[in-house]
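Heads up: the sequence lines are chains B and W, in that order. Taking my numbering, the leading residue of the first sequence gets 25, the next gets one more, and so forth. Taking my numbering, the leading residue of the second sequence gets 25, the next gets one more, and so forth.
Protein chains: 2
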Amino acid sequence: MNKRPLILVVNDDGYQAKGLLSLIEVAKTKGDVLVVAPDGPRSGMSHAITMNVPLRLKKLQESENFNFYTTNGTPVDCVKLAQKVILNKSYPDLIISGINHGSNSAISILYSGTMAAALEGAFENVPSIGFSLLSFDADADFTIAKEYAGKIIDHVLKEGLPERTCLNVNIPYIKVEECNGIRVTRQAKGYWNENLIPHKDPHGGIYYWLTGSFVNLDGKEDTDEWALANNYVSVHPVQFDLTAHAHIDEMKHWESKILQL
Amino acid sequence: MNKRPLILVVNDDGYQAKGLLSLIEVAKTKGDVLVVAPDGPRSGMSHAITMNVPLRLKKLQESENFNFYTTNGTPVDCVKLAQKVILNKSYPDLIISGINHGSNSAISILYSGTMAAALEGAFENVPSIGFSLLSFDADADFTIAKEYAGKIIDHVLKEGLPERTCLNVNIPYIKVEECNGIRVTRQAKGYWNENLIPHKDPHGGIYYWLTGSFVNLDGKEDTDEWALANNYVSVHPVQFDLTAHAHIDEMKHWESKILQL
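Structure representation (structure tokens):
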């Protein structure tokens, strides 16, 4: 690449998050940077888009090599606003999302705003990577995350990604020297076992807070969960065809059977 | 099944939507019904969950065979509240979501709150179906949708679904007698080409409305888009492993290569 690449940085924890500022720091060493971040936390927003409320964009910083906007939208809206409005329907060379405060491994990918933004890039075939660090601490130490994000960004800028495939990168919360390296992984099977904790408000009304813990149904060594539990950075290639291809043939007889009901 | 099945009905267009009331009508002929619906429209909410605001549940109707709640949460929250709070961690026999006002074929499945609720059921291996009618009209005629929803519900209650697989059922907006039947389909490849239409508010501020049109990259006859364009009901079996399995092997060399950067 002769010219400096244009890197779009988005996140779901909002424009003030340490994880975003850490990722911007890395991105600035690799290319020109455009940031579009939500104006507050948007965790658990998944692939939500804003349809019933108008979207706003606010410019925080502007220069030749660094532009920073906030929006009232979701992480996916950030990508759409960047590509369709700010870049006037042209595309960045790379989209990076995060660094999320907390894991987005296994099934969490489907709840994640961080990864939805990366998927949104993949929809239009822009190389895209979501980064997550396994600490929910707002003041977490992002040293290891910056180290590996830098290496992975270098690699993807040089080699690209398979067509319409993005990366879900999860980084264990350990010291750089404790890390065993990188594993290319698949999504572990499992689900969230939720509790909805009831509370009572001062007027006697009941409300609920959503909490839960992940149940891993998949002990195999090729999964993201295994990699993270064993001090590896998990690099999970992600696509967005949800078809249960394995079951199409066995279900073909439904076509005639259901009509007879 | 000796006893009447318990059917959970949810949606994303809110508790007053004609599509929801149509699906409740069908469900009541098949079993006992629990409805948990958002207290207003939640289109485009995807798999969002509510983490920063407490969740509320409001009981609208209560009887032995029919219970109807609303919540301030998302479609996925509806499923979690039903299973974890109202049913006290037991599961319904079937989850049905919809009937959505508008298509959820191809890539739209990833933006869809209707389908996210069905996927949420599949996460915990509850047979789940999302239904969508190809009309955004709030007063659309749901005759064909009710007809096919009834048949498909009968079939799934009798035969079940493959493990952790749900159905994305899209129904063309035509007369019953114009329908050519059912096709078991895969998700068509394509993306949304968005426009963010700028408007000016009375104070001179710019805001944007998100609009767009679907670009179909996939002309094949086994896709959901083909089925719908040819007056078939599309029955798309859906799973939630987003791993790009086809690319794992070719990316294995990254594990050593990236570390050398």
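Glycine is no exception: its CB is placed at the ideal position from the N, C-alpha and C atoms. Here the structure is a predicted model, which means the values were calculated and not measured.
Own chain, CB closer than 7 Å to B:A61, minus 5 neighbours either side, in chain order: Result list for B:A61: V34, N35, G38, Y39, L44, T94 and C102, in chain order.
Inter-residue spacing [alpha-carbon to alpha-carbon] between B:I131 and W:Q211: Near 20 Å, if we compare the C-alpha coordinates of W:Q211 and B:I131.
W:M25 at chain B interface by Cβ criterion, 8 Å: Only weak support is given to the placement of W:M25: the predicted model assigns it a pLDDT of 49, under 50, and the question is left unresolved by the model.
Among W:T53, W:F264, W:E88 and W:A268, the one whose alpha carbon lies nearest that of W:M139: It is W:F264.
Range covered by the alpha helix (DSSP H) that runs through W:E144: Taken as a continuous stretch (DSSP letters only), the alpha helix (DSSP H) holding W:E144 covers G137 to F147.
Residues near B:N149 in its chain [Cβ-Cβ closer than 8 Å; skip 5 each side]: Non-local C-beta neighbours of B:N149 in its own chain, meaning closer than 8 Å and more than five positions away in sequence, comprise E187 and R188, ordered along the chain.
Proximity test, Cβ basis, 8 Å: B:L134 and chain W: At a cut-off of 8 Å between beta-carbon atoms, B:L134 makes contact with chain W.
Contact with chain W by B:F147, beta-carbon distance below 8 Å: Flagged as an interface residue toward chain W: B:F147, by a C-beta distance shorter than 8 Å.
Cβ-based neighbour list, B:M25, same chain, cut-off 6 Å, excluding 5 preceding and 5 following: Residue confidence is low: B:M25 scores 49 on pLDDT, short of 50, so the model does not pin down where it sits. No coordinate-derived value is stated.
Selected residue, minimal CA-CA separation from W:D273, among B:A268, B:L266 and B:P261: The option with the nearest alpha carbon to W:D273 is B:P261.
Contact check, B:Y231 vs W:R80, beta carbons under 8 Å: In contact: B:Y231 and W:R80 (Cβ atoms closer than 8 Å).
Whole-Å CB distance - W:P99 paired with W:A141, under 8 Å assumed: Correct: roughly 4 Å between the Cβ atoms.
Within chain W, the residues that B:V200 reaches when beta carbons sit closer than 7 Å: Result: empty, since nearest Cβ-Cβ is about 12 Å, beyond 7 Å.
Simplified DSSP assignment, three categories, for B:V150: Of the three classes helix, strand and coil, the one that applies to B:V150 here is coil, per DSSP.
Selection of the region 259–280 of chain B by Cβ proximity to chain W, strictly under 7 Å: Listed in sequence order: V259, H260, P261, V262, Q263, F264, D265, L266, T267, A268, H269, H271, I272, M275, K276, W278 and E279.
Strand pairing of W:F238, partner residues [DSSP]: Paired residues: W:W216.
C-beta neighbour in chain B for W:T189, strict 8 Å: At least one CB of chain B lies nearer than 8 Å to the CB of W:T189.
Chain-order list of residues whose beta-carbon lies under 7 Å from that of B:L297 (same chain, five-residue window excluded): Outside the displayed span of chain B (25 to 285) sits residue 297 of chain B, for which this structure offers no information.
Any chain B beta carbon closer than 8 Å to W:W233: For W:W233, the answer is yes, since a Cβ of chain B falls inside 8 Å of its Cβ.
Alpha-carbon spacing of B:D246 relative to W:L84, whole angstroms: Between the alpha carbons of B:D246 and W:L84 lies a distance of about 48 Å.
Helix, strand or coil at B:S258 [DSSP, three-state]: B:S258 falls in the strand class under three-state DSSP.
Enclosing beta strand (DSSP E) for W:I206 [first to last residue]: Run containing W:I206: I206 to V208, per the beta strand (DSSP E) assignment.
Residue range of the alpha helix (DSSP H) that includes W:D163: Per DSSP, W:D163 is not a residue of any alpha helix (DSSP H), being assigned neither H nor E.
Closest residue to B:A287 among B:C203, B:Y115, B:E218 and B:V59 (Cα-Cα distance): Residue 287 of chain B lies beyond the stretch modelled for chain B, which goes from 25 to 285, so this question has no answer here.
When B:L234, B:I110 and B:T235 are compared against W:P222, the one with the closest alpha-carbon: Cα-wise, what sits closest to W:P222 is B:I110.
B:G243, buried or exposed, once every other Cβ within 10 Å from all chains shown has been counted against 16: Classification of B:G243: exposed, given that the 10 Å Cβ count is below 16.
Beta-carbon separation (whole angstroms), B:I120 vs B:I31, contact threshold 8 Å: B:I120 to B:I31, Cβ: 6 Å. Contact.
Sequence-distant residues of the same chain with beta carbon closer than 8 Å to W:L134, five excluded per side: Apart from sequence neighbours up to five positions away, the residues of its chain that approach W:L134 with a beta-carbon distance below 8 Å are S70, ordered along the chain.
Alpha-carbon to alpha-carbon, W:A162 and W:E171: Their Cα atoms are separated by approximately 19 Å.
Limits of the unbroken beta strand (DSSP E) element including W:D101: Where W:D101 is concerned, there is no enclosing beta strand (DSSP E), although the alpha helix (DSSP H) it sits in stretches over P99 to K104.
Of the listed residues W:E249, W:E218 and W:K224, nearest to W:G236 (C-alpha basis): Taking only the C-alpha atoms, the option nearest W:G236 is W:E218.
Residues that W:Q85 bridges to, as DSSP identifies them: BP columns for W:Q85 point to W:F92.
Run of the beta strand (DSSP E) containing W:E61, from where it starts to where it stops: First, the residue type needs correcting, since residue 61 of chain W is Ala and not Glu in the sequence shown. It spans D56 to P62 - the beta strand (DSSP E) in which W:A61 sits, taken as one unbroken run.
Closest Cα partner of B:F160 within the set B:A41, B:K27, B:S280 and B:R28: When B:A41, B:K27, B:S280 and B:R28 are compared, the shortest CA-CA separation from B:F160 is found for B:A41.
Distance between beta carbons of B:T74 and B:G55, contact taken as under 8 Å: Not a contact, Cβ separation roughly 28 Å.
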